[in-house]
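Participant: Here the sequence shown stands for residues 7 to 171, numbered as in the working numbering.
Ideal placement from N, C-alpha and C gives every residue a C-beta, glycine not left out.
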Amino acid sequence: MKKKEEIPYYLLILGLFIIDQLTKFLIQRNLPLLGRLKVIPGFFSLTHIHNRGAIFGFFAQSSNSVIQIGLAAASFLALGFVVYYFVRTPASERILKIALTLILAGALGNLTDRLLRGYVVDFLDFYVGRWHWPNFNLADSCISIGAIILIFTFFISEKSEKEPD
7 MKKKEEIPYY LLILGLFIID QLTKFLIQRN LPLLGRLKVI PGFFSLTHIH
57 NRGAIFGFFA QSSNSVIQIG LAAASFLALG FVVYYFVRTP ASERILKIAL
107 TLILAGALGN LTDRLLRGYV VDFLDFYVGR WHWPNFNLAD SCISIGAIIL
157 IFTFFISEKS EKEPD
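(1) Please name the residue in Phe-49, Pro-47, Val-45 and Leu-40 whose C-alpha comes closest to that of His-56.
(2) Smallest Cα separation from Leu-85: which of Phe-160, Leu-106 and Ile-157?
(3) Provide the residue(s) that pair with Asp-128 in DSSP beta bridges, ordered along the chain.
(4) As a quick exercise: from Leu-20, Pro-47 and Ser-51, pick the residue whose alpha carbon is nearest that of Pro-140.
(5) So for Arg-136, helix, strand or coil by DSSP?
(6) Do the stretch 10 to 17 and the stretch 123 to 137 meet, that is, are 3 or more Cβ pairs less than 8 Å apart?
(7) Under a three-way DSSP split, which group does Leu-39 fall into?
(8) Where DSSP assigns a beta bridge to Phe-50, which residues make up the other side?
(9) Does at least one heavy atom of the ligand NAP sit under 7 Å from the Cβ of Lys-103?
(10) Closer than 7 Å by C-beta to Phe-6: which residues in its own chain qualify, once you throw out the five before and the five after it? Chain order, please.
(11) For Phe-161, list the residues DSSP reports as bridge partners.
(12) If we define contact as Cβ-Cβ less than 8 Å, is Thr-159 a contact residue for chain D?
Written out as structure tokens, the structure reads:
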């Protein structure tokens with residue numbers, strides 16, 4: 007495919023990365039650590055936390071440096087894997103390319119946080135009563151949505167390969 011057809015995907019990565027970093031900057035600047043701003047009472051708040059763990063706070067309570075180094079190494083490996091497939095996927099495979107674009111944008115956003123701050127800024131807090139979904143950010147959303155699209159893409163392609171003509 008022509009390089010020109012790839013430009014929108016690179017612009018989307020850049021745009022999502024900038025929005026992710028901007029929202030994290032605004033939260034850090036305007037909401038103290040552990041501060042909470044109720045947006046929709048009983049359902050959604052902005053709550054500023056520092057996540058030293060993985061997506062949705064997995065391993066966040068661990069102070070073990072081996073786990074922290076392991077998370078950073080896993081992030082680099084995953085990023086390398088996604089970059090490899092992103093570059094090899096033609097622009098004509100739009101759904102797959104969009105899924106990889108979202109994952110790449112999210113991975114870059116959170117990896118930037120880890121490298122610059124040593125933690126990821128999370129602030130989106132959804133809850134019902136006492137039940138809270140783990141806090142997350144735009145980068146986490148991009149990774150999750152991209153992964154869901156990727157899974158559906160593989161299921162659809164497997165199903166169409168099994169169906170007789």
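Facilitator: Reading from the atomic positions:
(1) Leu-40
(2) The residue with the shortest Cα to Cα distance from Leu-85 is Leu-106.
(3) Ile-55
(4) Per the Cα distances, Ser-51.
(5) coil
(6) no
(7) coil
(8) Ile-46 and Phe-132
(9) Within the structure as shown, the ligand NAP is missing, as the structure has no ligands at all.
(10) Because residue 6 is not part of the residues shown, which for the chain are 7 to 171, the question remains open.
(11) Phe-161 pairs with nothing; no bridge assigned.
(12) In the structure shown, chain D cannot be found, because there is only a single protein chain.
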